[in-house]
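The sequence shown begins at 2 in the working numbering and counts up one residue at a time. One structure below.
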Amino acid sequence: MASRKDGKGRVLRKGEHYRRIDGRYSYIYRDPMGKQRTVYAKSLTELRKMEESLMRDQLDGLDMYTAGHANVNFLFDRYISTKSELRSSTYTNYKYIWKHFISKSFGTRIIKDVKYSDVLQFYSYLITEKNLTVNTLETINGVLRPSFQLAVKDDIIRKNPVDGAYAEIKKRHGGSRKTRRALTVEQQREFINYIADHPVFYSWYPLFVFMLGTGCRIGEAIGIRWDDIDLEERLIHINHNLSYYPRHDNSYKCEFRVGEPKTAAGYRYIPMMDPVYQVLKDEYERQSEEGFCEEFVDGMTNFVFTNRFGMPHNPAAVNRAIKRIVETHNAEEEVKARKQRREPIMIPKFSNHILRHTFASRFCENETNIKVIQEVMGHADVSTTMNIYAEVNSSVTKSSIQNLAKNMDVF
Numbered sequence: 002m003a004s005r006k007d008g009k010g011r012v013l014r015k016g017e018h019y020r021r022i023d024g025r026y027s028y029i030y031r032d033p034m035g036k037q038r039t040v041y042a043k044s045l046t047e048l049r050k051m052e053e054s055l056m057r058d059q060l061d062g063l064d065m066y067t068a069g070h071a072n073v074n075f076l077f078d079r080y081i082s083t084k085s086e087l088r089s090s091t092y093t094n095y096k097y098i099w100k101h102f103i104s105k106s107f108g109t110r111i112i113k114d115v116k117y118s119d120v121l122q123f124y125s126y127l128i129t130e131k132n133l134t135v136n137t138l139e140t141i142n143g144v145l146r147p148s149f150q151l152a153v154k155d156d157i158i159r160k161n162p163v164d165g166a167y168a169e170i171k172k173r174h175g176g177s178r179k180t181r182r183a184l185t186v187e188q189q190r191e192f193i194n195y196i197a198d199h200p201v202f203y204s205w206y207p208l209f210v211f212m213l214g215t216g217c218r219i220g221e222a223i224g225i226r227w228d229d230i231d232l233e234e235r236l237i238h239i240n241h242n243l244s245y246y247p248r249h250d251n252s253y254k255c256e257f258r259v260g261e262p263k264t265a266a267g268y269r270y271i272p273m274m275d276p277v278y279q280v281l282k283d284e285y286e287r288q289s290e291e292g293f294c295e296e297f298v299d300g301m302t303n304f305v306f307t308n309r310f311g312m313p314h315n316p317a318a319v320n321r322a323i324k325r326i327v328e329t330h331n332a333e334e335e336v337k338a339r340k341q342r343r344e345p346i347m348i349p350k351f352s353n354h355i356l357r358h359t360f361a362s363r364f365c366e367n368e369t370n371i372k373v374i375q376e377v378m379g380h381a382d383v384s385t386t387m388n389i390y391a392e393v394n395s396s397v398t399k400s401s402i403q404n405l406a407k408n409m410d411v412f
């Protein structure tokens, strides 16, 4: 049988073909699953490089058809389908992160085309153009990296292009990481007193006193029920949280879901301090006359903190309320301070989580038993408690030294 040749008289190997109609070369082979595949090249030299790569990949067990045709969204779908152990809130958070930051941009990239430098560019874009914080980028990396790692384990690609990218971006943009700063005693007092006397914002007073007096996470606070409150013993039982995420049907609608506390340490009893007891007692008496929450979420009802529609608050709504309160207060305070010829007491911009951090700071300022603080805060890792304690006491130490210097006449 005569050897097949291309237009230049070169002998073609098995599986190689020369297309006279367009001058291209093709190579027909079978993938690891036995399916026939075809690759094309403009020259025989280029085609044979592709053949060598395919041969090497097949020897290594790499599925280059998947790598060459499937995109990054495919990886995420495959990865998330294997994570059956994820809590519902974590699962929905991963889906939310992917949908909002990855799926329509980086998610459309072909797997094999993604390089380390592409990931760096994408991460830099998220920080410089989308104004995301390094904290948010860490969450995104926590979803993207394991998706590619699964592709490595599945022999779709050799190396994980995401490895080291977040560390590099963190090094470059370390200043972008926002340090959570608790409200000072003066700021906390100003915030609460302003709401307490405000005709519009007073409706938020019970929730914010509760959060500042218990250190609950936002999901724990908005999900607290009267069933979890013992006014006689003055105890609050934390045994679940309430999350608010997009529905699984990919619509733009969101829904509440009941989940377990963040960690096993999240199951706890929190004693009520007097201000917390008083707002809960007053709120219970008010609802006894006006009616309790009748909205059901995953079989639970009787939620303590609700909006004007009788629904539990969602975290975004709480953040919007804080933003309005702070902006309104600061605008009024500047005018008042000018009239009284004094420095204004300004409240910084903050999110609902800062209320928890503020409680932790006040607690650390007045309690030396780390285990007690850890238990009330529901920290799984004592190092989290220690970091807050160290931060607070560093500030207290500086203040104490300055006061010591003022009271000494020896210098």
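Cβ atoms here follow ideal geometry from the backbone N, Cα and C, with glycine treated the same way. Here the structure is a predicted model, which means the values were calculated and not measured.
Bridge partners for residue i per DSSP, in chain order?
i: Val298; result: Met301
i: Thr39; result: Ile29
i: Phe257; result: Tyr245
i: Tyr167; result: DSSP, once it has assigned bridges, lists no residue as partnering Tyr167.
i: Ile111; result: Asn72
i: Asp23; result: Asp23 is not bridged to any residue.
i: Val12; result: Lys6
i: Asp231; result: Leu236
i: Arg226; result: Phe304
How long is the line joining the alpha carbons of residue i and residue j, rounded to whole angstroms?
i: Glu328; j: Lys340; result: 19 Å
i: Val144; j: Met347; result: 38 Å
i: His199; j: Asp164; result: 51 Å
i: His101; j: Ser90; result: 16 Å
i: Val201; j: Tyr195; result: 11 Å
i: Tyr126; j: Gln189; result: 36 Å
i: Ser177; j: Thr137; result: Below a pLDDT of 50, predicted positions are generally treated as unreliable, and Ser177, at 47, falls in that range; the measurement from the model is reported next regardless. Straight-line Cα distance between these residues: approximately 11 Å.
i: Thr140; j: Asn388; result: 21 Å
i: Arg11; j: Ile157; result: 34 Å
i: Arg110; j: Val135; result: 23 Å
i: Ile323; j: Lys350; result: 8 Å
i: Leu243; j: Glu256; result: 10 Å
i: Ser45; j: Phe107; result: The amino acid at residue 45 is misidentified as Ser; the sequence shows Leu. Straight-line Cα distance between these residues: approximately 33 Å.
i: His241; j: Phe211; result: 16 Å
i: Tyr278; j: Ser362; result: 21 Å
i: Gln122; j: Lys84; result: 28 Å
i: Phe77; j: Tyr246; result: 19 Å
i: Val414; j: Arg321; result: Given that the chain is displayed from residue 2 to residue 412, the structure contains no residue 414 and the question cannot be resolved.
i: Gly220; j: Arg38; result: 51 Å
i: Ser204; j: Arg218; result: 20 Å
i: Phe360; j: Thr264; result: 19 Å
i: Glu130; j: Tyr124; result: 10 Å
i: Glu291; j: Ile223; result: 19 Å
i: Phe192; j: Met274; result: 19 Å
i: Leu13; j: Leu55; result: 17 Å
i: Pro272; j: His314; result: 23 Å
i: Trp227; j: Phe364; result: 25 Å
i: Leu63; j: Ile237; result: Any answer about Leu63 is weak, because its pLDDT of 48 lies below 50 and its placement is not dependable; what the coordinates show is given next. Going by the C-alpha atoms only, they are around 55 Å apart.
i: Tyr268; j: Arg88; result: 15 Å
For residue i, does the count of other Cβ atoms within 10 angstroms reach 16, so buried, or fall short, so exposed?
i: Pro162; result: buried
i: Asn306; result: First, the amino acid is wrong: residue 306 is Phe here, not Asn. Under this definition Phe306 is a buried residue.
i: Val411; result: Only weak support is given to the placement of Val411: the predicted model assigns it a pLDDT of 49, under 50, and the value that follows is read from those uncertain coordinates. Exposed is the call here.
i: Glu344; result: exposed
i: Ile22; result: exposed
i: Leu232; result: exposed
i: Arg20; result: exposed
i: Lys105; result: exposed
i: Phe297; result: exposed
i: Gly300; result: exposed
i: Val373; result: exposed
i: Ser148; result: buried
i: Leu60; result: Residue placement at Leu60 is poorly supported in this model, since its pLDDT is 47, which falls under 50; the coordinates still yield a value, given next. Under this definition Leu60 is an exposed residue.
i: Arg31; result: exposed
i: Leu213; result: buried
Tell me the residue span of the beta strand (DSSP E) that contains residue i.
i: Ile326; result: First-last for Ile326: 316-341, but that is the alpha helix (DSSP H), not the beta strand (DSSP E).
i: Ile237; result: 236-239
Quick one: is the Cβ of residue i within less than 6 Å of any heavy atom of the ligand FMN?
i: Leu232; result: You won't find the ligand FMN in this model; it holds no ligand whatsoever.
What residue does the alpha helix (DSSP H) around residue i start on, and which one ends it?
i: Ile371; result: 371-378
i: Arg287; result: 275-291
i: Ile223; result: 219-223
i: Tyr19; result: First-last for Tyr19: 17-20, but that is the beta strand (DSSP E), not the alpha helix (DSSP H).
i: Arg309; result: Counting along the chain, Arg309 falls outside any alpha helix (DSSP H), and DSSP gives it neither H nor E.
i: Pro207; result: 206-215
i: Tyr270; result: Segment 269-272 is the beta strand (DSSP E) holding Tyr270; no alpha helix (DSSP H) there.
i: Phe360; result: 353-367
i: Thr264; result: From DSSP, Thr264 is part of no alpha helix (DSSP H); its letter is neither H nor E.
i: Ile128; result: 117-129
i: Arg146; result: 135-154
i: Phe192; result: 186-197
Mind pulling the alpha helix (DSSP H) runs of 4 or more residues that sit fully within the stretch 71-106?
-> 73-82, 89-102
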